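Reviewing the structure listed below.
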Amino acid sequence: NHVIDELATLLARRTNYEFSGTKLREIYKSKYPIIIRPGNEDEKESIKIFNKYSDHQISFTDCLSFVVMKRLEITQVFTFDKHFQYAGFTIVP
Numbered sequence: 001n002h003v004i005d006e007l008a009t010l011l012a013r014r015t016n017y018e019f020s021g022t023k024l025r026e027i028y029k030s031k032y033p034i035i036i037r038p039g040n041e042d043e044k045e046s047i048k049i050f051n052k053y054s055d056h057q058i059s060f061t062d063c064l065s066f067v068v069m070k071r072l073e074i075t076q077v078f079t080f081d082k083h084f085q086y087a088g089f090t091i092v093p
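Residue 1 is where the sequence shown starts when you use full-length UniProt numbering, and the numbers rise one by one after that.
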């Protein structure tokens, strides 16, 4: 999962790989969060968004999240990333 990948990398860089690995194991053992894996069509649509908004420097992972969230009719996102607001989502907090 791309989002888990970003989280693992961020945690490893800001703390260490052992801490990051521990947190990843906790996530995968827990029933929350629910991990949704994108399909091929999601990825193809993400490439279109990635290219269309290249001037905003939105990550491919964010573009993929936009597509999956729209497909699942998710309108709110907990993030500090303003790109989600540009894409029409409500940012929480």
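Positions of the beta carbon are idealized from the N, C-alpha and C atoms, including for glycine.
Model, not experiment: these values are computed from the prediction.
Assumed close pair residue i, residue j - CB separation to whole angstroms, cut-off 8 Å
i    : j     : result
Val3 : Asp42 : At roughly 13 Å, the Cβ-Cβ gap does not stay under 8 Å, so Val3 and Asp42 are not in contact.
Beta-carbon proximity check, residue i vs residue j, cutoff 8 Å
i     : j     : result
Cys63 : Phe80 : no
Gln76 : Phe89 : yes
Tyr32 : His56 : no
Leu10 : Lys23 : no
Status (buried if at least 16 other CB within 10 Å, exposed otherwise) for residue i
i           : result
Ser30       : exposed
Ile47       : exposed
residue 176 : Within the shown structure, residues of the chain are numbered from 1 to 93, placing residue 176 beyond reach of any answer.
Lys65       : A quick correction: the sequence has Ser, not Lys, at residue 65. The residue in question, Ser65, is buried, as its Cβ has 16 or more Cβ neighbours within 10 Å.
Glu26       : exposed
Phe84       : buried
Glu18       : exposed
Cβ-heavy atom distance, residue i to the ligand COA, below 7 Å
i     : result
Phe84 : Ligands displayed in this structure: none; no statement on the ligand COA is therefore possible.
Runs of alpha helix (DSSP H) wholly within the region 16-89 (minimum 4 residues, chain order)
17-29, 40-52, 60-71, 83-86
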